[in-house]
Amino acid sequence: MIEIQNYWRELNNLRAIAGAENEGALRSAFQNLLRDLGEQQQLILYAEYPFKAPNGANLRADGVLMDRLRLVHGWWEAKDEKDDLDKEITVKLAKGYPNDNIIFEDTRTAVLLQQGAEVMRCPVSDGKALTRLLDGFFNYELPEVQDFRAARDKFVIELPGVARALKELLVAAHRNHAAFQLQAHDFLALCQRAIGDRVTTDHVDEMLIQHILTDQIFRAIFSDVNFHQENHLARAIGELESTFLHGSTRKELLKRLEPYFAAIRRTAANAITSAEKQDFLKQVYEDFYSAYNPKDADRLGIVYTPSEAVRFIIAGCDWLAQQHFNKRLADAGLDILDPCTGTGTFIVDFIDYLRGDKQALIRKFAGEIHANEISILPYYISCLNIEQAYYEATQEWCEFNGACFVNTLENWGFGLAHEGSSGNLFGSLTDENQTRIHNQNQCAIPVILGNPPYNANQKNENDNNKNDPALLADKRIKETYLAASTAQKTKLYDPYVRFLRWASDRIGERGIVAFISNSSFIEAKGFDGFRKVVAQEFQEIWIINIKGNSRTSGDRRRREGGNVFDDKIRVGVALYFLVRNPALTDGCNIRYFELADFLVAKEKRAWLAHHQLRVLAKAGDFNRIQPNADGNWLNQPQEDWSEWLAVASKEGKAGKSEDVIFKLYSLGVVTARDEWVYGFTHEDVAKKVQYFIEHYETLRRLKASFDEKIKWSRAVKNDFINNRPYVYNSKILINSIYRPFVVLTLYFCGSLNEMQYRQREIFGLKYKNLAIGISGIPITKSFQTLAVAILPDLHLLEQPNFLPLWVYAADGSRHDNITNWALTQFQQHYANTDITKRDLFNYVYAVLHDPRYREKFALNLKAEFPRIPFHPDFTQWAKIGATLIQSHAYFEQVKPFGLQRIDRPEITPKCRLKADQTAGTIEIDNVTTLANIPPQAWQYQLGNRSALEWVLDQYKEKTPKDLTIREHFNTYRFAEHKEAVIELLDRVCQVSVDTMTAIEQIEQLPWE
């Protein structure tokens, strides 16, 4: 175990340096060992941990391992080498130290006690024995942990039923209870004015249910605070609750959850300080939401900001405010807002930041700190956390009047308020909340900081859980970022971009916006307009790229390192400060710093804890960015690229320009339900589609609601709502190339394919054509290209665009897709009128395979359509391109390579489909192996896989993700396709060898 080797090394170093053998000098080595092993199991080691003995005496343990809910998993005590270890153990136990799972060690011997008895002792120098002791220590589960786990498991099971019962009571109350009806109607109207017109009765019912279910949790953790009676919003919802739920009904309903509430009360007793209670509450909240409403947890992006990042941002804002406005954050007249406060982390840490200046804190808290939240549970928690933090800092309890229950992205009243309006645009849930929003809108707020929701788009429409539109924010995005962009733009409606747009407008003529969020804005092609606009709207930008993007691959993925959010999100992360100071007139000063490669999450948090923006800036650690005309900040492309011919452009596609090689291009088919409409045989697909349509039609005729038996998407939902009937058509089952060198049957239907783009003009149901697929824009992997002769899927490559040789009109007539302008350019350049459009098509394909081209223009290819140079010897390039197209597009006709087949027929077949590149073999199953695969065959890569590996991946037996498909149509068995797959692999092996031979020939051709 590497951790034990590190322990020995550290122990020896300490002995050499300290020259001592006492507990205080040496115990850090074992402490670090427990810390490192604990982190692997998501346990935290707390050193010098205070606790009470059974007799009430105050004791302190050298270390205790806890989980994130502060449940103790084990104890540790270090003793001096010169002491009698057994005697010291007896003394400690007599004082009241725990004996249920504790290690005593003196740097020579380790002793493990469990359930009051010694279960093992060993010399710490015996690696194998120490490993067994530590395994026993970490694998042991204390009764308290077992009880809590059982209570939580029961809670997860019971909670949906209790929530349903509450929902049924609410339905009855809406129907039969006059007092509830009246109060609920008024409450809904207030919610709609405060949060937006999209709030429905169901949303109000949801708020009520969450309020009822969490009351006991708040009482357990903050037993000395009667929050639900003291907070104005909690009181209002409580009054609505009291009209329909009270007495024995309430008690009986919640009794099923009492084991969990009791476990929370017991565990909460371990949380002593305000910070411990706040952390515990956040963790319980995350667990509660994940169990109660995982869709909301996904939509809201419930992941909490590391405290190290929060403090870095607060200190950075303080320094920038001094530099630009000659004020500290503590000074009067510098209001601060967290527009999406969540559980209040930023405001709580800001209170702690001001702890040394009590008078400033009192003044700020009274009216210069603001926090907005739109979800009821985090709103409650943020108020509790902020008020408790203020009490801890001042010893005075005060309700936080800066908390607003409001949809920030719909609250644009500040603009009118500054022009003399009352600012009361939305009303609110209560008179007090209305006043709070009004007061906030009247204030100038020059500092906005926080962690906007990170989640952009849900994975599929069946979640019924798309992020809410923010109409006014989106309008402003369209007017600014989108208007300046030349790229594909949907990601500019990410939640964090909406909050950035809102905050940029909210700070007015001068101020600071400081966020931690998705880092995609730094270099993604779709953010070109965003980068241009922020450089116009702000005078200074500071960016710290923390990396951690797990959606990359290969070496780039390894260099990104861990995610600072404990790897709970997959996007890269950045901290950034946008400063608006009209006194600066020399354009925008953009400063950029990125953390070192390969750092794990813990190392990134440690870096943030030990650095400050002020110090980094003064040390000159930031690089200055000079944006180019296209709005690129990093990785700016080669300039001579622009002189060459673009293969395509939006203008060319729209018919506004002809100075491109291909007029039309299109993405591949998007089905939004691959498992339903794709399959290995026509028969399999037909059965699935017929079931889908029959079920859809049944629901449509009954005017029923969506269910989860079929895969819904935006288009299908619209058809259903509009009562559009579906009819099965066997004539639209066609072959489609789904992944590289893998052809499947597709039900090519406008209703059940979410987007067909322009593929009906390229391949349609029966058109003969060729198309060159090229990586989409922007790309995260290396550039890819593949020629196809049948209709392609969107994900054939990395969301490729397809450049067809021909296009077909509605009447079936065929037309050239290569422009006359492009053909003229090549004929004139080479002084050769015999060059044809087919020659040009072949030439382009060869150029796109040139490794020199891909390497030199890698950044350009990530950001825009390829451009094609005029190379010497056009004829040779076109000839090689023709060979590649024939091999790739018609791979099923390529002569097999002739791989050696080795069979062991006496064994029962079991699918393997595993490649061994070193041995040059593919294990088909435990009966058949293909051998003598040449090294060249593995070198032909499309993305992260070789062509052969794409085939192996697609033909593996996999459990379908869709529940209905899994239950009714999971009929794929590799054995039925084995011989066809072997033949396909043999052909693709030859394709791969031919491709690498062609690429070697290309590399020998001269450049201009």
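In terms of this note's numbering, the sequence shown opens at residue 211 and continues consecutively. Beta carbons: idealized from backbone N, C-alpha and C, even for Gly.
The Cβ-Cβ distance between A599 and I557 falls below 9 Å. The DSSP-derived three-state label of L975 is coil.
For S729 and E1116, the gap between their C-alpha atoms comes out near 56 Å. L1069 and F1080 have their C-alpha atoms some 20 Å from each other. A residue is called buried once 16 or more other Cβ atoms fall within 10 Å of its Cβ, and C608, having fewer, is exposed. In this structure, N1052 is the residue among E213, N1052, A1019 with its C-alpha nearest to the C-alpha of L1013. Spanning the alpha carbons of D869 and W854 requires a straight line of approximately 11 Å. Looking at V887, N933, Y948, the one whose alpha-carbon comes closest to that of K921 is V887.
Of the residues F365, L376, W286, the one whose Cα lies closest to the Cα of E451 is L376.
Every beta strand (DSSP E) stretch that sits fully inside the stretch 253-319 and reaches 3 residues is listed by chain position as 254-262, 268-276, 282-288, 311-315.
In this chain, the beta strand (DSSP E) harbouring N799 covers 799-804.
Spanning the alpha carbons of L255 and Q605 requires a straight line of approximately 30 Å. By the beta-carbon neighbour count (other beta carbons within 10 angstroms, threshold 16), E918 is exposed. Cβ-Cβ distances below 6 Å link I1132 to A1125, L1140 in the same chain, with the five nearest sequence neighbours on each side left out; the list follows chain order. Straight through space, the alpha carbons of E1177 and N1136 are spaced by roughly 28 Å.
If you keep only unbroken alpha helix (DSSP H) runs of at least 4 residues inside the stretch 535-568, you get 555-563.
Taking all protein chains shown into account, F808 has fewer than 16 neighbouring C-beta atoms within 10 Å of its C-beta and is therefore exposed.
With a beta-carbon spacing of about 6 Å, L702 and L692 fall inside the 8 Å limit used to define contacts. Pairing L1162 with R460, the inter-Cα distance amounts to about 57 Å.
Straight through space, the alpha carbons of Y1063 and V1203 are spaced by roughly 21 Å. Contact annotation: the stretch 250-268 does not touch the stretch 361-381, with fewer than three C-beta pairs closer than 8 Å.
Taking C-beta atoms as the reference points, C1121 and I1112 fail to come closer than 9 Å.
If the five residues before and after T1043 are omitted, its C-beta is found closer than 7 Å to the C-beta atoms of Q1037, all from its own chain and listed in chain order.
Looking at the DSSP output, C332 sits in a beta bridge with A320.
Shown here for I989: same chain residues with a beta carbon closer than 6 Å to its own, the five before and five after excluded, namely E1008, K1072 in chain order. For F890 against L954, the beta-carbon gap comes to about 6 Å, under 8 Å, which counts as contact. DSSP, reduced to helix, strand and coil, places P1061 within a helical segment of the structure shown. Scanning T995, Y1018, G612 for the CA closest to the CA of R968 turns up Y1018.
When the five nearest sequence neighbours on each side are left out, the beta carbons in the same chain lying within less than 8 Å of the beta carbon of A473 are those of D357, F358, A361, R362, in order along the chain. N1011: member of the beta strand (DSSP E) spanning 1011-1014, first to last residue. Rounded to the nearest whole angstrom, the CA to CA distance from D777 to A811 is 7 Å.
Sequence-distant partners of A389 (beyond 5 residues in either direction) whose C-beta falls short of 6 Å from its own C-beta, in its chain, are T453.
For the pair S915 and P370, the Cα-to-Cα distance works out to about 20 Å. Of T1205, D541, Y590, the smallest CA-CA separation from F575 is found for D541. Look at E1167 here: in three-state DSSP terms it is coil, with no helix or strand label. The stretch 923-943 makes no contact with the stretch 1145-1153, as fewer than three CB pairs between them are under 8 Å.
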